[in-house]
Amino acid sequence: MDSRSHAKFFQPQNSAGWLSIVNVLRYGLVTLVLLSLLLTSGILIRLSAQAQLERSQLLQQERSRAVAESIETQLNNFQSELQYLERVRGLATFSPAIQRDLLEGLTRSNDAFQSVALFNLQGDRLVAVSPFDPTFENLPQDTTFLEAIASGHRFHSPVSIHPDTETPVMTFAVPIWDASERISGAIWAEIDLGFLNFTVSQARVGETGYTYILDDQQQIIAKKRTPSEAFETYQLTDISQTDLMQHLVKDAASEFSIYPGLRGQNVLGASSYVYGVDWRVISELPMAEVRAPVRAMSRIMLAVLGLSVLVAGILGAGLASWLVSPLQRLTLAATQISQGQLDTQVKVSARNELGILASVFNQMVKQLNTSFQALEESKATLEMRVEKRTAQLMSAKVAADQANQAKSEFLANMSHELRTPLNGILGYAQTLRRSPTLSEKERGAVGIIHQCGSHLLTLINDILDLSKIEARKLELRPKESHLPSLLQGVAEICRVRADQKDLQFIYQVPDDLPEGVVVDEKRLRQVLINLLGNAVKFTRKGCVTFSVSVVEELATAPETVALKHSSDHAPLKGSEVWYKFRFQVKDTGVGMTPEQLERIFLPFEQVGSRSQQSEGTGLGLTISHQILEKMGSDLEVQSQVDVGSIFWFDLDLLLSLEWSDAAKMTDAGKITGYEGDRKTLLVADDKWENRSVLKSLLEPLGFTLIEAEDGQDAWEKAAAQPPHLFILDLDMPVLDGLALLERLRQSSQFQHAPIVVSSASVFDADQLRCIEAGADSFLPKPVDAAQLFDQLEKFLSLTWLIDQDNSSTLMPSAKAMSATSAAPESLTLPPD
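Residues 249 to 1080 (my numbering) are what the sequence shown spells out, left to right.
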């Protein structure tokens, strides 16, 4: 192998770029340090912030509590001085001079007492003392406070502004007692609260914090004033309707919280109650000051972080250079080897893992030369084997294609050849059964001929269906159908079979079963008769139950429905109402083992006794299973040996609004003729027996038949005697059916004449070609009399003459006959 081959085998990789080991080490170390520091710094900052917040909360609470206790002490002093006089019994009966001396002593002891008065229970002022109001104009005119006094309670008023001193004041009242320990009046005192402003001003709350007092009327009665407020008139500030008050009410149960404060900035607030007067002392510290230490720490941590990243970058670059240098030499050597230089050696003196790697690398290079030689020899041998195997596969593919083509041609030819004599057998059987001269024994013999022919036709249809399924050419043809008639026809067929074996046959449908549905009637009937036929065959005694029910009404069209499998047909008219139907067949037959259940859907697979297996080919359940999958359903089964089996499946069907035509049945056995002028039919078929069958069916009813042996003969006879309707075979000498069909449609005389194609070829492709060529309908062979009469009625607008007295001995209706022709063999054992 030359150097070019070596270079092709070893393709050098692109430069790693940012993913190189140097960059990984360098930036990896920096990233590791950065992430570690970020994580550590983040944790420290968070812990510091939390600790600072907790510390500030404790300080705020202590500050507010200290102010509250100071105010409580001062108010208690006022209360104590009043209570001193309260303990004097019979004070109301003292002389006015003594009363005045006592009250003046109170005002002299504490200048906060601006006015003091003594009242009896009737509200009469006995005596009053006021250093600041000699005229006593500010003494209370409203003596409702006496009501509280009379009940034994002390009284204090809300805070107000004194009109003269413009300072906050409040009044206290305590009861006085007579010698009999009964309340005889009250001592009333007006107290100057100016000390409150001094108290909150002296309370230090950080650098920017402040304190204020809120009374029970939600008014600020004292606060630390800013320089701009120092010379303003003292006023009580009502904050009951402000957002601040809402926050304070919301957080009343908490000793501290964070909220927009009195001065409009976020604060850490703490409150304490002044007991006895229901005031709150609120201390607020702006959050900017609370967080200031944390911000300072963050700046320090950021500086440390930057310095650490710089040091880590320098160390990472040095470490990466020291570690990667040997690896770079290894990479260079590997690149040279990839270019075909297999004599390259790596020189690494390090006595570590890299040195060991270099030694192993050199040994690998030596082994490569030997391996390449062996590889070249193996490649040549492998190419020869591949060419030989490819030739064998191509030959096998050609043989398989030829075999498949031969199978298709064989099935088509056999179907055509078998259906042609069957057309005569079944056709004349139908003709003979319509004869009124036959005895009951002869009529029974004819019935056996018809039944055997129908069974043979079913076997042929099953083989063709299996072939279509394997080729994925099985198509569904849904149409508007009358469901009760379809089910009744199936039930009657199987009831006869059950009666022959002395079995009870039970047919169950609900009274409100929908009548019209859109479904492929032929395929549904085929599946049901297959299941029922198997149930009857494998049941020795007991009963067979056939039930149909509506599981549910679907709100929307299901995604998988039978309609989607027939895109070549015109859209059907429905009501946009969907139902889920359940079809179930239950028997008390021999049942099946789990091993048999695993095989029942396989082609040509039969279970049960030899006598039962000999009745079919083993295709019925296989075809039924495939048809239901095509319809968007699945065939389910349960079975128990010597107990019985149950087969069921669910179908989503569209409700049909135009089922009346589908429900109409033509009873071929009752027809004796038709009203109106005689109709002429031209039958073109190269087989005399096929023409004879149609002649024996139609001439007794009053039709005039023109027979033609080939397409050219039919063309000439039609020109000489134009018929009302054509019945054409496909395969004819001289001029085949398709060519004749095209010639008729191109002529002005027969352009609109009804044409029915009747052929033993029942492949969908042949039927589609006929319809595309201009045929109005397709009638498969063997010809079913009921289907033939229905088409004649449709295309010739006939009104049949019916023999009402001969109904019991004549042939079944079109639906019943159609069901009979589709009767299955009971191949696979039906489970319970």
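Glycine included, every Cβ here is placed at the ideal spot set by N, Cα and C.
Model, not experiment: these values are computed from the prediction.
Pop quiz: residue 518 and residue 300 are said to be a contact at Cβ under 8 Å. What is the actual Cβ separation, rounded to whole angstroms?
If you number the sequence shown from 1, residue 518 lands on position 270. If you number the sequence shown from 1, residue 300 lands on position 52. Wrong, their Cβ atoms sit about 15 Å apart, outside the cutoff.
Who are the near neighbours of residue 1024 in its chain, counting only those whose CB is closer than 7 Å to its CB and skipping five residues on each side?
Taking the first residue of the sequence shown as position 1, residue 1024 is located at position 776. The residues are 1002, 1003, 1004, 1043.
Note down, in chain order, each residue of its chain lying with its Cβ closer than 6 Å to the Cβ of residue 558, except the 5 sequence neighbours on either side.
Position 310 of the sequence shown, counted from the first residue, corresponds to residue 558. No residues qualify anywhere along the chain.
For residue 418, name the three-state secondary structure that DSSP assigns.
By one-based count along the sequence shown, residue 418 stands at place 170. Reduced to three states, the DSSP call for residue 418 is strand.
Compare the C-alpha of residue 945 against each of 680, 924, 962, 871 and name the closest.
Locating residue 945 in the sequence shown gives position 697, where the first residue counts as 1. Looking at the Cα atoms, 680 is the closest of the given residues.
Please state whether DSSP places residue 957 in a helix, a strand or coil.
Within the sequence shown, the letter at position 709 stands for residue 957. In the structure shown, residue 957 sits in coil (DSSP, three-state: anything other than H, G, I, E or B).
Hey, which unbroken runs of the alpha helix (DSSP H) at 4 residues or more fall wholly within the region 923–947?
936–946
Own chain, CB closer than 8 Å to residue 919, minus 5 neighbours either side, in chain order
In the sequence shown, residue 919 corresponds to position 671, counting from 1. 949, 1037, 1048, 1049, 1050, 1051, listed in sequence order.
Under the rule that 16 or more other beta-carbon atoms within 10 Å means buried, what is residue 638, buried or exposed?
Reading the sequence shown from its first residue, position 390 is the one you call residue 638. Residue 638 should be labelled exposed.
Measuring CA to CA, which of 955, 925, 923, 924 is closest to residue 937?
Here the question's residue 937 lines up with position 689 in the sequence shown. Out of 955, 925, 923, 924, 955 has the C-alpha closest to the C-alpha of residue 937.
With a threshold of 7 Å on Cβ separation, who are the neighbours of residue 592 within its own chain once the five nearest residues in sequence on each side are excluded?
To locate residue 592, count along the sequence shown from 1; it is residue 344. Correct list, in chain order: 581, 584, 585, 613.
Would you kindly work out how many angstroms separate the C-alpha atoms of residue 989 and residue 780, rounded to a whole number?
Here the question's residue 989 lines up with position 741 in the sequence shown. Here the question's residue 780 lines up with position 532 in the sequence shown. Rounded to whole angstroms, the separation of the alpha carbons of residue 780 and residue 989 is 41 Å.
Pick from 445, 450, 524 that is closest to residue 471, judged by C-alpha positions
Along the sequence shown, one-based indexing puts residue 471 at 223. That would be 445, whose Cα lies nearest to the Cα of residue 471.
By the three-class DSSP mapping on this structure, what secondary structure does residue 325 have?
Sequence index remark: in the sequence shown, residue 325 carries index 77 (1-based). Helix, per DSSP.
Please go through the region 505–533 and give each complete beta strand (DSSP E) segment of 3 or more residues, from N-terminal end onward.
514–522
Expressed to the nearest angstrom, what Euclidean distance is found between the alpha-carbon atoms of residue 985 and residue 941?
Counting from one through the sequence shown, the residue named residue 985 turns up at place 737. Counting from one through the sequence shown, the residue named residue 941 turns up at place 693. Looking at the two C-alpha atoms, the distance is approximately 19 Å.
In the DSSP assignment, find the beta strand (DSSP E) that holds residue 444 and state where it starts and stops.
Numbered from its first residue, the sequence shown carries residue 444 at position 196. Taken as a continuous stretch (DSSP letters only), residue 444 belongs to no beta strand (DSSP E), being part of the alpha helix (DSSP H) at 443–450.
Note the first and the last residue of the continuous alpha helix (DSSP H) segment covering residue 373.
Taking the sequence shown and counting its residues from 1, the one referred to as residue 373 is at position 125. Segment 373–377 is the beta strand (DSSP E) holding residue 373; no alpha helix (DSSP H) there.
In three-state terms, what does DSSP make of residue 830?
For the purposes of this step, residue 830 is taken as the residue at position 582 of the sequence shown. Correct three-state label for residue 830: strand.
Delimiting residues of the beta strand (DSSP E) encompassing residue 780
Numbered from its first residue, the sequence shown carries residue 780 at position 532. Per DSSP, residue 780 belongs to no beta strand (DSSP E); it is in the alpha helix (DSSP H), 769–785.
Among the candidates 844, 834, 312, whose CA atom is the shortest distance from the CA of residue 783?
Along the sequence shown, read from residue 1 onward, the residue named residue 783 stands at position 535. The option with the nearest alpha carbon to residue 783 is 834.
Give the straight-line distance between the Cα atoms of residue 396 and residue 403, rounded to the nearest whole angstrom.
In the sequence shown, residue 396 corresponds to position 148, counting from 1. In the sequence shown, residue 403 corresponds to position 155, counting from 1. Between residue 396 and residue 403, the C-alpha separation is close to 7 Å.
Could you check which residue in 774, 543, 527 has the C-alpha nearest to that of residue 872?
Residue 872 sits at position 624 when you count from the first residue of the sequence shown. Cα-wise, what sits closest to residue 872 is 774.
Apart from the five residues just before and just after residue 367, which ones in its own chain have a Cβ nearer than 7 Å to its Cβ?
If you number the sequence shown from 1, residue 367 lands on position 119. If we look at residue 367 and ignore the five residues flanking it on each side, its Cβ neighbours are 373, 374, 391, 394, 433, 434, 436.
Quick one: what does DSSP say residue 275 is sitting in, helix, strand or coil?
As a first step, residue 275 must be located in the sequence shown, where it is residue number 27. Three-state DSSP puts residue 275 in a helix.
Tell me the residue span of the alpha helix (DSSP H) that contains residue 969.
As a position in the sequence shown, residue 969 is number 721, starting the count at 1. Boundaries for residue 969: no alpha helix (DSSP H) harbours it, and the DSSP string shows neither H nor E there.
Helix, strand or coil: how does DSSP classify residue 410 here?
Locating residue 410 in the sequence shown gives position 162, counting from the first residue. If DSSP states are grouped into helix, strand and coil, residue 410 belongs with coil.
Inspect the CB distances between the region 349–366 and the region 324–339 and report whether three or more fall short of 8 Å.
yes
Comparing alpha-carbon positions, which option in 765, 785, 1033 lies nearest residue 901?
For the purposes of this step, residue 901 is taken as the residue at position 653 of the sequence shown. For the residues 765, 785, 1033, the minimum Cα distance to residue 901 belongs to 765.
Distance, Cα to Cα, residue 981 vs residue 993?
Taking the sequence shown and counting its residues from 1, the one referred to as residue 981 is at position 733. Taking the sequence shown and counting its residues from 1, the one referred to as residue 993 is at position 745. Answer to the nearest angstrom: the Cα atoms are 20 Å apart.
Take every Cβ of the region 338–352, pair it with every Cβ of the region 548–557, and state whether three or more of those distances are shorter than 8 Å.
In short, these stretches do not touch, since the Cβ pair count stays below three.
Assuming contact is defined by CB atoms lying nearer than 9 Å, are residue 512 and residue 532 in contact in what I supplied?
If you number the sequence shown from 1, residue 512 lands on position 264. If you number the sequence shown from 1, residue 532 lands on position 284. The answer is no: Cβ separation not under 9 Å.
Within a Cβ cutoff of 6 Å, which residues of the same chain sit near residue 454, ignoring the five residues on either side of it in sequence?
Here residue 454 is taken as the residue at index 206 of the sequence shown, counted from 1. 533, 537, listed in sequence order.
Check for me: the beta strand (DSSP E) holding residue 1027 runs from which residue to which?
Position 779 of the sequence shown, counted from the first residue, corresponds to residue 1027. Start and end: 1025–1028.
Three-state secondary structure assigned by DSSP to residue 898
In the sequence shown, residue 898 corresponds to position 650, counting from 1. Here residue 898 sits in strand by DSSP.
Whole-angstrom C-beta distance between residue 792 and residue 831, which should lie under 8 Å
The residue labelled residue 831 in the question sits at position 583 within the sequence shown. The residue labelled residue 792 in the question sits at position 544 within the sequence shown. Not quite, the Cβ-Cβ distance comes to about 14 Å (not below 8 Å), so this is no contact.
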